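Reading through the structure tokens given below for one structure.
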Amino acid sequence: MTAPPPSASSGDGSLPGGRPRRGGARRAAPPAGGGFGGFGGGFGGRSRGTSGGSGDDDRPGDGSSEDPGKGSGKRSGKRADKGSDKGSGKGSDKGSGDRAGDRRRDRPGRVARDRSEDRPGREARERSGGRSSGPSSEPSTAPPPGPTAGPAAGRRGGPAYVTQAELTETFDAFYRTSRDRLLLQTFALTGDLTVARSAVREAYVVAWHHWRKISRLEDPEMSVRPTAWRIALRRRSTRPMRRRKDVDPQSRRTLDALGALPLPQRKALLLTQLAAVTMAEMAQEVALPLDAAERELQHGAARMATQLEIPTSAIPLALSSLAATTRDVTWPRVTIIRRAGIARRRVHTAVGATAAVVALVAGGAVAVDSTGARPALDREALPSTSAPPPASPAVSALPATALLGVDAVQRALPRAKWAEGATVDNSEGNGRLLPCQPVRYADPRGTAAWARTFRAGAANSGPTRTVTQFAEASLNERRASGTFRRTVRWFAGCPSPGDDPKAVPRIQLVSTASVSGIGDRAAVMVLRSRAEDATTYVIGVARTGLFTTTVSFATPVPPQSANRDGVVKLLAAAVSRMCALAGGGPCAEKKQVLSARDAFRTGEVPWLLSEVDLPPLSKERGRWVGTPVLDLTEDRADAGAIGCDTIHLFGSFRKQRIADNQYRAFVIDGAKLPTEFGITETVGSLPATSARAFVKRLREQIAACPDRDESAGTEVRELARSDAGPRSLSAWRLSTALPGDRTVEYDVAVVRRGGALALLVFVAAPRAQMAPSDFVALARRAGERLAEMPPYDAG
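Sequential numbering from 356 applies to the sequence shown in the working numbering.
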């Protein structure tokens, strides 16, 4: 059904659901029928009664449990009776306007202003749940009338200083009253409750770190929510909109509809429906001009209503169904949050002090010693800090200052004039900063991530060169090792993007090398684009302790001319800066050694070629697509047959059964080429001695092909031949004349690695030729892949 478009809002400054506007600012326009832009009734995510109880978070189990469903109604007095059905969030007898009023009273930034308005004892009554209507029998803890110190006191003419006790009190109140709202909003954004809870928790840790400043805001949630969303979007990127198994069908449909929206539309919709923000504030959070933000909101509402087959007025009710999933989440005690925030502050203080020392020494501001000598400091590496290691994922041990600077890039790649570009945490956009990067982060549960770009050459003055550094910090070394392996697999296999599984990258893996003398482990790979730009990428990946860094150098030169040594220098410089941080491992040695190695394992059947192994063709620039791997049967034994009578890699040879027979074909997706065009690879295994004899026999048959069948007019040209221990390789180009003055060209190769064998056949087309050197390199890659084949089994 077609969703009705949003209509104009009422002119009295209120929303259809009864929720007042903040300051009369523009809000999301409600649809016909009311409801879009405000909820007509309360639910667990918005009701004050679902804040998890108003007791002391440090004493769970006695009515102050961190489980919102345990004891919250018991301790919330009249507010729970009126707004939340004993804290369960199932409904509200009060209008949403009352909830909005409660929300304003709960904001820490307003506590001090209430105090300064001659209202002693008000906070004590609110902490007791409103159980007393008269003077309290306990001594009042409220300050006397008049100017009062507090988060907002400085703005009202009172003293600007706020005591630590007041900061702690306002933060604790903010944590209890806002966490369920932020969790619901973050869960709706990502669809992953575990990630949403973790992100909200970390956002509160960051908030406590900066609470003296944040508490002065009119709405502290405007600062905490973007942090939670940024962390959550980074962590859920590998499995977008992942669902818990116990989500009810209605909530699952709502999550599916939200997940189908572009991120700006999803943010705009959630901000206007689950957060009390003005249209201007919504536009600021989605980073769009006001008019563009309003359009995104209207389009998102229409698309969601269409997918759910509901009117736009029912969108608030659909979003309210998500509260049932978030209601039973338990929270850590507020003291744990504050301790983590203190640890984070210490780490940042230590890193800042270190950076200040480096700046002073680099600027010559350190006095000489008694002998007149100036103390020296290596400016390339950050000195080690004595700060304690991160106590939780919320403590970031990887500052942006640990990334490469433009001077390091200039020294490693001196033939161009480099300029530094943007430094980002990769939480926005599609997240694909590097070639073959399928997802936003290799460690979605990492503690920090940064990316920095450098550029040489103007966009309008010929080819440009770029350098991109991407760094991630993991929680422990085990996870860091996994981050390194996943990062390497990005470039070794070049998988399809996580948000577009059908897209096949047009990238070829040219070479792979190990690097000794850099961190715990390092590797360098050379890639080239099969698109028109023919860009070459030199990729370096290294790990030191908890940190994994990638350096990508994009250049228009051919792969054999790319500056691998320069990238090794960049990688060494990057590791030298990170190894000095808390959690760092070995640094880079003075000399690094680059050693060629087999390609890293990739593909479901790793002993067969993959799309990433295939080179570009002469004119046809389409994408290579491989068929599924099939077992070779008798009716398919001639797969990859050529214009000569030769043995097949099927059945038996010298009374030895050929085992592990499989084959795979590759074609160009969507290209109008002859049906015989393509690459076919057949593999099998024999005992090593028999495999060597198989190669010898095939060589003899192809060499004799022109003399044995003269009527076919077949010509043979040998492209390569090598024998080295357990390895053998031979490659030929065969040209066979066909009726009608047609000629078919075959590139044929046989490869052996121990007892594993591979036959490779490429049938060319006029518009799709492969250079002989590229075919020989492809045959060598097939030999590298054979190392993964299981040992020969005669049974």
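The beta-carbon is built from N, C-alpha and C at its ideal position, and this holds for glycine as well. Keep in mind that this is a model prediction, so the values were computed, not measured.
Across which residues does DSSP place residue i in a beta bridge pair?
| i | result |
| --- | --- |
| residue 902 | 828 and 899 |
| residue 641 | Answer by DSSP bridge pairing: none, since residue 641 is not bridged. |
| residue 1100 | 1090 |
| residue 1019 | 1036 |
| residue 804 | 827 |
| residue 980 | 1022 |
| residue 773 | 811 |
| residue 1075 | 1086 |
| residue 986 | 1017 |
| residue 867 | 880 |
| residue 950 | 869 |
| residue 891 | 883 and 910 |
| residue 1007 | 1012 |
| residue 1114 | 1037 and 1105 |
| residue 822 | 809 and 908 |
| residue 779 | 806 |
| residue 943 | 873 |
| residue 862 | 884 |
Count the other CB atoms, across all protein chains shown, that sit within 10 Å of the CB of residue i; report buried if there are 16 or more and exposed otherwise.
| i | result |
| --- | --- |
| residue 927 | buried |
| residue 518 | exposed |
| residue 696 | buried |
| residue 1007 | exposed |
| residue 943 | buried |
| residue 341 | Nothing about residue 341 can be read from this structure; the chain reaches only from 356 to 1150. |
| residue 547 | buried |
| residue 1027 | exposed |
| residue 645 | exposed |
| residue 527 | buried |
| residue 924 | buried |
| residue 642 | exposed |
| residue 938 | buried |
| residue 616 | buried |
| residue 653 | buried |
| residue 745 | For residue 745, the pLDDT reaches just 38, beneath the cut-off of 50, and the residue's location in the model is therefore unreliable, leaving the point undetermined. |
| residue 520 | exposed |
| residue 959 | exposed |
| residue 770 | exposed |
| residue 1009 | exposed |
| residue 1133 | buried |
| residue 545 | buried |
Indicate whether residue i and residue j have their beta-carbon atoms separated by less than 8 Å.
| i | j | result |
| --- | --- | --- |
| residue 808 | residue 828 | no |
| residue 608 | residue 655 | no |
| residue 865 | residue 922 | no |
| residue 956 | residue 783 | no |
| residue 811 | residue 826 | no |
| residue 1106 | residue 1118 | no |
| residue 824 | residue 758 | yes |
| residue 910 | residue 941 | no |
| residue 982 | residue 1019 | yes |
| residue 947 | residue 870 | yes |
| residue 1120 | residue 1141 | no |
| residue 1075 | residue 1089 | no |
| residue 905 | residue 789 | yes |
| residue 543 | residue 674 | yes |
| residue 300 | residue 679 | Outside the modelled stretch of the chain, which goes from 356 to 1150, sits residue 300, for which no answer is possible. |
| residue 1012 | residue 1149 | yes |
| residue 684 | residue 538 | yes |
| residue 561 | residue 532 | no |
| residue 916 | residue 822 | no |
| residue 834 | residue 590 | no |
| residue 1147 | residue 1048 | no |
My assumption, with CB atoms under 8 Å, is that residue i sits in contact with residue j. Please give the rounded CB distance.
| i | j | result |
| --- | --- | --- |
| residue 624 | residue 577 | So it is not a contact: roughly 17 Å between Cβ atoms. |
| residue 820 | residue 887 | The Cβ separation is near 18 Å, so there is no contact. |
| residue 979 | residue 969 | 4 Å |
| residue 1071 | residue 1058 | 7 Å |
| residue 903 | residue 999 | Not a contact, Cβ separation roughly 50 Å. |
| residue 949 | residue 868 | 5 Å |
Within 7 Å: the Cβ of residue i and any heavy atom of the ligand FMN?
| i | result |
| --- | --- |
| residue 910 | This structure lacks the ligand FMN; in fact it carries no ligand of any kind. |
> Whole alpha helix (DSSP H) runs in the segment 1025-1073 with 4 or more residues, listed along the chain?
Replying inline: Every unbroken stretch of the alpha helix (DSSP H) spanning 4 or more residues and falling wholly within the segment 1025-1073 is given here in chain order: 1043-1058 and 1060-1063.
> What runs of the alpha helix (DSSP H), each 4 residues or longer, lie entirely inside the segment 510-587?
Replying inline: Within the segment 510-587, the complete alpha helix (DSSP H) segments of 4 residues or longer fall at 519-545, 548-564 and 566-569, listed in chain order.
>> As an exercise, report each continuous alpha helix (DSSP H) stretch of at least 4 residues that is fully enclosed by the segment 654-691, in chain order.
In response: Counting only runs of at least 4 residues, the segment 654-691 fully encloses the following alpha helix (DSSP H) elements, listed from N- to C-terminal order: 670-675 and 678-681.
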